[in-house]
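Novice: Residue 1560 in my numbering is what sits at position 394 of the sequence shown, and the numbering runs on without skipping anything.
Sending over a structure as structure tokens; questions will come in a sec.
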Amino acid sequence: MGEIDILLGLQWGDEGKGKIVDALTPEYDIITRFQGGPNAGHTLEFENEKYILHTIPSGIFRKDKLNIIGNGLVIDPSIFLKEVKSIKIPLAELVDKLIISSKAHIILPTHRLLDAAYENAKGDMKIGSTLKGIGPAYTDKTSRSGMRTGDLFSKNINEIYNKHKQKHLDILERYNADINLEKAEKEWFEGVELIKKFRVINTEYFINRNLAEGKKILAEGAQGTMLDIDFGSYPFVTSSNTISAGACSGMGISPKTIGNIFGIFKAYCTRVGGGPFPTELHNDIGQKLRDNGQEYGSTTGRPRRCGWLDLPALKYSCMINGVTSLFMTKADVLNSFDKIRVCTSYRVNNTFVEELPFDTNVDIEPVFIEMNGWKKDITDIRDYDKLPSALRDYVGFIEKETGIPVDMISVGPDRSETIIRGKA
Ligand code: GDP
Ligand code: IMO
Ligand code: MG
């Protein structure tokens, strides 16, 4: 019997999941995405090229590896079309190594309009959505009125499309939305034709059959635990289960098949969009993190909010996901800092707490400890023991606090700039 390892983000997304999945792919037979959609932007760098993936799993550039878009995703055919063009893999090769679930849900152009209309109506409670239509598409899924990839093959696709579109236009009437769909619809239908060239199947059978044959699968999360629909900082979250449990429903696998759960976190924190962020820095240190880490959104280009590592949030994420190995990324971004701070607890209403309150939108004051920086360029180091002792102390402190080993440290954006310590 094979095994499924899960790799997911423990913070607010953009932890470097794409880079690490790509680096780990040689160890696996199949890479699958299990939730989210084109709100994700996963960056891969190798051989002086940079690629950003939104819907396609990050194992796609490795030879002889299968990649699966699972049932838990929402797919926008027009974004998929652009993505396929941007990755420059010949279509015949891509069709061979990318399989799509017939049960994944489809984002329509009107879902994007709804996303914008709902967001506009939120006033000062804006989520800061990527406006890719994710929320409205998942809403249609849970209200049992969505369109699925398998439906694209119907000979009545135009009729089905128009029925969904009309339903959305009826809602949009209330929002004074600017509706001009001509270009978007053309791209969407072009994307639909492209999707139909791929193997669109019940991937749950395919995955379980491969597991029975002893294949190794890596499930790639999108977003991060603090954006999870149930356990994130609601309502400032995305619309799917980003946590390890989401891999079961998003792929059709049993929890019994899960092996390692790799939790990725940045050596500090970032968040893009609205919502609480206890350790956020509104000063020159925050700006330095943004500059050094090039913290601008992969999907929207928006500047990311930056702050120190938040241990109460990290421990919460480890607990919810059952993390077995921690991977720390972007350690090199802290190279030039004299002092590094870590939030170890919060002060809420004059009480010190180590647990996340129900309402994270209340005033949370982070309590920090300070550690020495390492003041050294670590980008060329590949051996954990050669890392500066101040960085090893930082890692040791995180391991002690979480009780979980830090098995991988990323020291640069390239797939080779990775230090593997443990069983990863
Ligand atoms: P994802 O959404 O979790 O896949 O992460 P993103 O790709 O949105 O954002 C991570 C960014 O950090 C990308 O620009 C990566 O190329 C970059 N990155 C990943 N790991 C490292 C690292 O260890 N050091 C540095 N400096 N950049 C990294
Ligand atoms: P990856 O996979 C960072 C954020 C948005 C917004 C909230 C809801 O690259 O880590 P949505 O578009 O889902 O309605 O947005 O979630 N968000 C992300 N932030 N990385 C992501 O994905 C994100 N996907 C959504 O900024 O605050
Ligand atoms: Mg990203």
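Glycine included, every Cβ here is placed at the ideal spot set by N, Cα and C.
Name the residue from Phe1246, Phe1493, Met1485 and Phe1563 whose alpha carbon lies nearest to the alpha carbon of Ala1411.
Specialist: For the purposes of this step, residue 1411 is identified with residue 245 of the sequence shown, where counting begins at 1. Cα-wise, what sits closest to Ala1411 is Met1485.
Novice: For the beta strand (DSSP E) that Glu1536 lies in, which residues bound it at each end?
Specialist: Working through the sequence shown from its first residue, we reach residue 1536 at position 370. Unbroken beta strand (DSSP E) run through Glu1536: Glu1531 to Asn1538.
Novice: Report the three-state DSSP secondary structure of Phe1428 (helix, strand or coil).
Specialist: In the sequence shown, counting from the first residue as 1, residue 1428 sits at position 262. Looking at Phe1428 - three-state DSSP - the assignment turns out to be strand.
Novice: Using 7 Å as the cut-off, classify the Cβ of Asp1450 as near or not near the heavy atoms of the ligand IMO, replying yes or no.
Specialist: Within the sequence shown, the letter at position 284 stands for residue 1450. Result no, Cβ not under 7 Å from the ligand IMO.
Novice: Pairs of beta-carbons, one from the region 1468-1480 and one from the region 1436-1452, closer than 8 Å: are there three or more?
Specialist: Touching, per the Cβ criterion.
Novice: For the alpha helix (DSSP H) containing Val1561, list its first residue and its last residue.
Specialist: In the sequence shown, residue 1561 corresponds to position 395, counting from 1. From DSSP, the alpha helix (DSSP H) with Val1561 extends over Ser1555 to Thr1568.
Novice: Return yes when the C-beta of Lys1207 is under 7 Å from any heavy atom of the ligand MG, and no when it is not.
Specialist: By one-based count along the sequence shown, residue 1207 stands at place 41. Just to set this straight, residue 1207 is Gly in the shown sequence, not Lys. Within the cutoff, so yes.
Novice: Hey, would you say the C-beta of Leu1579 is under 7 Å away from at least one heavy atom of the ligand GDP?
Specialist: Taking the first residue of the sequence shown as position 1, residue 1579 is located at position 413. Checking the sequence, you will find Pro at residue 1579 rather than Leu. Flag set: Cβ of Pro1579 near the ligand GDP.
Novice: Can you name the start and end residues of the alpha helix (DSSP H) that Val1358 belongs to?
Specialist: If you number the sequence shown from 1, residue 1358 lands on position 192. Counting along the chain, the alpha helix (DSSP H) containing Val1358 begins and ends at Glu1348 to Ile1361.
Novice: Who does Thr1209 pair with in a DSSP beta bridge?
Specialist: For the purposes of this step, residue 1209 is taken as residue 43 along the sequence shown, with counting starting at 1. Note: Thr1209 sits in a beta bridge opposite Ile1218.
Novice: Assign Asn1205 to one of two classes, buried (16 or more other C-beta atoms within 10 Å of its C-beta) or exposed (fewer than that).
Specialist: In the sequence shown, residue 1205 corresponds to position 39, counting from 1. That one is buried.
Novice: Provide the residue span of the alpha helix (DSSP H) that contains Lys1263, from first to last.
Specialist: Within the sequence shown, numbered from 1, the residue matching residue 1263 stands at position 97. Looking at the DSSP string, the run of the alpha helix (DSSP H) that includes Lys1263 is Leu1257 to Lys1263.
Novice: For Ile1323 and Gly1488, I'd like the C-alpha separation in whole angstroms.
Specialist: Position 157 of the sequence shown, counted from the first residue, corresponds to residue 1323. Position 322 of the sequence shown, counted from the first residue, corresponds to residue 1488. About 42 Å.
Novice: Check whether the Cβ atoms of Leu1219 and Leu1384 sit closer than 8 Å, and answer yes or no.
Specialist: Position 53 of the sequence shown, counted from the start, is the residue given in the question as residue 1219. Position 218 of the sequence shown, counted from the start, is the residue given in the question as residue 1384. Contact: no.
Novice: In this structure, what does DSSP give as the bridge partners for Asn1233?
Specialist: Counting from 1 along the sequence shown, the entry for residue 1233 is found at position 67. Ile1197 and Leu1264.
Novice: Starting from the N-terminal side, write out each stretch of the beta strand (DSSP E) that is 3 residues or longer and does not extend beyond the region 1240-1317.
Specialist: Counting whole runs of 3 or more residues, the region 1240-1317 contains the beta strand (DSSP E) stretches 1264-1267.
Novice: Locate the alpha helix (DSSP H) running through Thr1466, then write down its first and last residues.
Specialist: Locating residue 1466 in the sequence shown gives position 300, where the first residue counts as 1. Taken as a continuous stretch (DSSP letters only), Thr1466 belongs to no alpha helix (DSSP H), as it is neither H nor E.
Novice: From Glu1356, Leu1475 and Phe1431, pick the residue whose C-alpha is nearest to that of Gly1452; which is it?
Specialist: On the sequence shown, position 286 is the one that residue 1452 refers to. When only C-alpha atoms are compared, the closest one is Leu1475.
Novice: Give me the Cβ distance between Gly1316 and Val1366, rounded to the nearest whole Å; I'm assuming they're in contact under 8 Å.
Specialist: Counting from 1 along the sequence shown, the entry for residue 1316 is found at position 150. Counting from 1 along the sequence shown, the entry for residue 1366 is found at position 200. Sure, about 6 Å apart at Cβ, within 8 Å.
Novice: Could you tell me the boundaries of the alpha helix (DSSP H) in which Thr1517 lies?
Specialist: If you number the sequence shown from 1, residue 1517 lands on position 351. That residue, Thr1517, is in no alpha helix (DSSP H); its beta strand (DSSP E) goes Thr1517 to Val1519.
Novice: Can you tell me which residues form a DSSP beta bridge with Tyr1594?
Specialist: Residue 1594 lies beyond the stretch modelled for the chain, which goes from 1167 to 1590, so this question has no answer here.
Novice: For Lys1331, name the three-state secondary structure that DSSP assigns.
Specialist: Locating residue 1331 in the sequence shown gives position 165, where the first residue counts as 1. Three-state DSSP puts Lys1331 in a helix.
Novice: In angstroms, rounded to a whole number, what distance separates the CA positions of Asp1141 and Lys1298?
Specialist: Lying before the first or after the last residue shown, residue 1141 is absent from the chain, which here runs from 1167 to 1590.
Novice: What are the boundary residues of the beta strand (DSSP E) that Lys1481 is part of?
Specialist: Numbered from 1 along the sequence shown, position 315 holds the residue referred to as residue 1481. Segment Leu1477 to Asn1487 is the alpha helix (DSSP H) holding Lys1481; no beta strand (DSSP E) there.
Novice: Is DSSP giving Lys1589 helix, strand or coil here?
Specialist: The residue given as residue 1589 occupies position 423 in the sequence shown. With a pLDDT of 46 at Lys1589, under the threshold of 50, the modelled position of that residue is not reliable, and the figure given next carries that caveat. Coil.
Novice: Would you kindly report the start and end of the unbroken beta strand (DSSP E) that includes Glu1169?
Specialist: In the sequence shown, residue 1169 corresponds to position 3, counting from 1. Looking at the DSSP string, the run of the beta strand (DSSP E) that includes Glu1169 is Glu1169 to Gly1175.
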